Amino acid sequence: MLTIEHLTKVYANGLRANDDVTLRVGAGDVVALLGHNGAGKTTLINQAAGLVIPTSGSIRVAGCDPVADPARARRTVSLMPQAHAPLSGVTPRQAVEMLARIRGAPRKQACGEAARLISALDIEEWADTPGEKLSGGARRLTAFCMTAVHSGQVLMLDEPTNDVDPVRRRLLWTRIRAIADEGRAVLVVTHNIAEAETYADLVVLLNAGRVVAEGSPAQLRETHLTGLEDTYRLLVGAEGTGREGEGDRAALDH
Numbered sequence: 002m003l004t005i006e007h008l009t010k011v012y013a014n015g016l017r018a019n020d021d022v023t024l025r026v027g028a029g030d031v032v033a034l035l036g037h038n039g040a041g042k043t044t045l046i047n048q049a050a051g052l053v054i055p056t057s058g059s060i061r062v063a064g065c066d067p068v069a070d071p072a073r074a075r076r077t078v079s080l081m082p083q084a085h086a087p088l089s090g091v092t093p094r095q096a097v098e099m100l101a102r103i104r105g106a107p108r109k110q111a112c113g114e115a116a117r118l119i120s121a122l123d124i125e126e127w128a129d130t131p132g133e134k135l136s137g138g139a140r141r142l143t144a145f146c147m148t149a150v151h152s153g154q155v156l157m158l159d160e161p162t163n164d165v166d167p168v169r170r171r172l173l174w175t176r177i178r179a180i181a182d183e184g185r186a187v188l189v190v191t192h193n194i195a196e197a198e199t200y201a202d203l204v205v206l207l208n209a210g211r212v213v214a215e216g217s218p219a220q221l222r223e224t225h226l227t228g229l230e231d232t233y234r235l236l237v238g239a240e241g242t243g244r245e246g247e248g249d250r251a252a253l254d255h
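With the working numbering applied, the sequence shown closes on residue 255, and no number is skipped along the way.
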């Protein structure tokens with residue numbers, strides 16, 4: 002469903018954000034991308050979504066090349082970025098219904114899908130609250146619903162559980178699993194090692210733009226004779242470079 006091969010991204014300032022990355026996410030898979038700030042995670046998904054052009058390598062999203070045909074790729078991909086969704090002037094219900102309609106759902110279906118997602122994430126109490134009055138967690142959950150409603154074949158979620166309380170984190174991950182079980186491919190960028198170990202089919206550890214380990218949580222434990230958190234610390238270390246966003250911001254500003 003999502004295939005990335007030998008992907009490298011070098012920005013004009015010399016920053017090598019991704020270095021020979023190969024990654025596959027099949028239909029029905031939940032793949033967690035783990036790494037420090039600056040590891041290249043956001044740059045990777047922005048290229049897969051057709052927002053940033055790679056320096057070299059290839060990307061296929063449900064058979065589509067996002068470099069050659071970014072418009073088609075964006076119809077296939079549902080992307081949840083790190084930034085808060087633009088909710089000023091609309092309620093969560095309106096925003097989610099609007100995204101479903103934009104993606105082609107008839108009005109009645111859009112309303113039904115939005116209501117089911119809002120219920121599944123337990124945010125009904127804020128569903129009709131103006132977006133500018135929402136907490137960070139409610140905004141994040143709304144952004145997930147906007148991504149998941151009438152979604153494409155591939156979902157890319159960049160830190161979806163940031164600012165979300167523990168109970169609703171579990172609800173969100175349960176919904177991610179259900180989406181994958183419907184046959185979609187899901188790539189999740191996360192810093193939460195425990196969540197990746199619990200919910201992901203495959204974990205990919207990224208450091209300084211390179212894949213340093215990948216496998217199921219069980220495979221990584223077997224290979225390194227330790228838990229995923231200790232494996233992460235062993236292979237990635239305790240500190241990040243903090244540079245990942247620099248190149249993306251420069252690219253998107255031009």
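Using N, Cα and C, we set each Cβ at its ideal position, and we do this for glycine too. Model, not experiment: these values are computed from the prediction.
Is residue j closer than 9 Å to residue i when the C-beta atoms are compared?
i      : j      : result
Ala96  : Leu172 : no
Leu3   : Leu207 : no
Leu45  : Asn19  : yes
Glu98  : Ala74  : no
Ser57  : Leu8   : yes
Ala197 : Leu35  : yes
Arg176 : Leu118 : yes
Val31  : Leu24  : no
Ser152 : Arg185 : yes
Between the Cα of residue i and those of the options, spot the shortest distance and give me the residue it belongs to.
i      : options                         : result
Asp166 : Ala139, Val189 and Asp30        : Ala139
Val212 : Asp21, Met2, Asp30 and Leu3     : Asp21
Ala50  : Ala144, Leu156 and Tyr12        : Leu156
Ala201 : Gly64, Tyr12, Ala181 and Thr224 : Ala181
Ala84  : Ala33, Arg141, Arg61 and Val62  : Arg141
Ala111 : Cys146, Pro131, Ile54 and Leu80 : Cys146
Ile54  : Asp129, Ala63, Pro67 and Ala128 : Pro67
Gly210 : Ala106, Val190 and Gly41        : Gly41
Thr191 : His37, Arg185 and Thr130        : His37
Met81  : Asn193, Leu52, Glu183 and Ile60 : Leu52
Given this structure, state the Cα-to-Cα distance separating residue i from residue j, to the nearest angstrom.
i      : j      : result
Asp123 : Glu160 : 19 Å
Arg104 : Tyr12  : 32 Å
Ala251 : Gln154 : Note that Ala251 scores a pLDDT of 40, beneath 50, so its modelled location is shaky and nothing firm can be said.
Ala149 : Cys65  : 20 Å
Pro218 : Gly90  : 42 Å
Leu88  : Thr43  : 22 Å
Pro93  : Gln220 : 40 Å
Arg222 : Glu215 : 11 Å
Gly39  : Lys109 : 43 Å
Ala69  : Glu126 : 43 Å
Ala179 : Gly29  : 9 Å
Lys134 : Val26  : 37 Å
Ile102 : Thr77  : Note that residue 102 is Arg in the sequence shown here, rather than Ile. Spanning the two alpha carbons is a distance of roughly 15 Å.
Asn163 : Trp174 : 12 Å
Ala86  : Leu158 : 13 Å
Lys10  : Val204 : 21 Å
Arg169 : Thr143 : 12 Å
Val62  : Ile5   : 9 Å
Thr199 : Glu183 : 19 Å
Gln48  : Ser59  : 10 Å
If you reduce the DSSP assignment to three classes, tell me which class residue i lands in.
i      : result
Gly15  : coil
Ser120 : helix
Met157 : strand
Ile5   : strand
Ile264 : Beyond the ends of the chain as shown, which are 2 and 255, falls residue 264; an answer cannot be given.
Ala106 : coil
Asp249 : Bear in mind that the predicted position of Asp249 carries a pLDDT of just 44, short of 50, making it too unreliable to give a figure here.
Val97  : helix
Lys10  : strand
Asp182 : helix
Gly29  : coil
Asn47  : helix
Ala74  : helix
Leu221 : helix
Ala214 : strand
Would you verify that the beta carbon of residue i is, or is not, closer than 9 Å to some beta carbon of chain C?
i      : result
Ala209 : Protein chains in the displayed structure number just one, and chain C is not present.
How about residue i: is its Cβ closer than 8 Å to a heavy atom in the ligand GTP?
i      : result
Ala209 : Looking for the ligand GTP in the displayed structure turns up nothing, as the structure carries no ligands at all.
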